[in-house]
């Protein structure tokens, strides 16, 4: 079954070669990257690694973090999805909405769609989300989803790909599991 998560205005699909310019624009914007990599841009190797990692997740687990696409225009307006954390064993929600689209409820909308997909399609027993400690906007989305605060953790202790930074961890149990 192809991976696709849909909400009213958005959908997530796997990455395609034509998505690279949108991702490159995003990862080279210091405002967008302030909670991802302390404002530091990504080089081409890191972009390649993201594409390869997500393709591998899709093949092995049937899920990935891919582009968030605005249905109305077909434009990539962020990225989001579900991916495994190799050290914790949890599946993690991730979302980044381009700053041009902030304050429109898109992050909450796509996160709710990811939640439905995780519990109804993937039948996961629980999901987690992490955010930089000062990232109040992402924390608000987690709280709107009903996720429970689990404390501050070292991100690298959760997943090999994460750097040694402190993050907040939120969790939500599948109510039907």
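Numbering (the numbering used here), first residue to last: 5 to 181. Every residue gets a Cβ at the ideal spot worked out from N, C-alpha and C, and that includes glycine. The structure presented is a predicted model; accordingly, all values stated were derived computationally and were not measured.
- Rounded to the nearest whole angstrom, the CA to CA distance from residue 181 to residue 123 is 8 Å.
- Using a Cβ distance threshold of 9 Å, residue 80 and residue 26 count as a contacting pair.
- In the displayed model, residue 175 falls within a strand according to three-state DSSP.
- In terms of Cβ geometry, residue 17 and residue 69 do not form a close pair [threshold 9 Å].
- The C-beta separation of residue 53 from residue 32 comes to about 16 Å, leaving the pair out of contact by the 8 Å criterion.
- Bounds of the alpha helix (DSSP H) holding residue 65 are 48-65.
- Counting C-beta atoms within 10 angstroms of its own C-beta, residue 82 has 16 or more neighbours from the protein chains shown and is therefore classed as buried.
- In this structure, residue 176 and residue 130 form a Cβ contact; the two beta carbons are roughly 6 Å apart against a cut-off of 8 Å.
- For residue 87, the three-state secondary structure derived from DSSP is strand.
- Shown here for residue 95: same chain residues with a beta carbon closer than 6 Å to its own, the five before and five after excluded, namely 86, 88, 128 and 131 in chain order.
- DSSP, read as helix, strand or coil, puts residue 135 in strand.
- Excluding five sequence positions before and after residue 146, the CB atoms of its chain that fall closer than 6 Å to its own CB belong to 133 and 174, given in chain order.
- Of the candidates 104, 137, 178 and 64, 137 places its Cα closest to the Cα of residue 172.
- By the neighbour-count criterion, in which 16 or more other beta carbons inside 10 Å mark a residue as buried, residue 56 falls on the exposed side.
- Here the alpha carbons of residue 49 and residue 107 stand approximately 31 Å from one another.
- The C-alpha of residue 100 is placed about 15 Å away from the C-alpha of residue 51.
- In the three-state reduction of the DSSP assignment, residue 94 falls in the coil class.
- Pairing residue 71 with residue 104, the inter-Cα distance amounts to about 15 Å.
- With respect to the C-alpha of residue 20, the residue from 149, 158, 75 and 59 having the closest C-alpha is 59.
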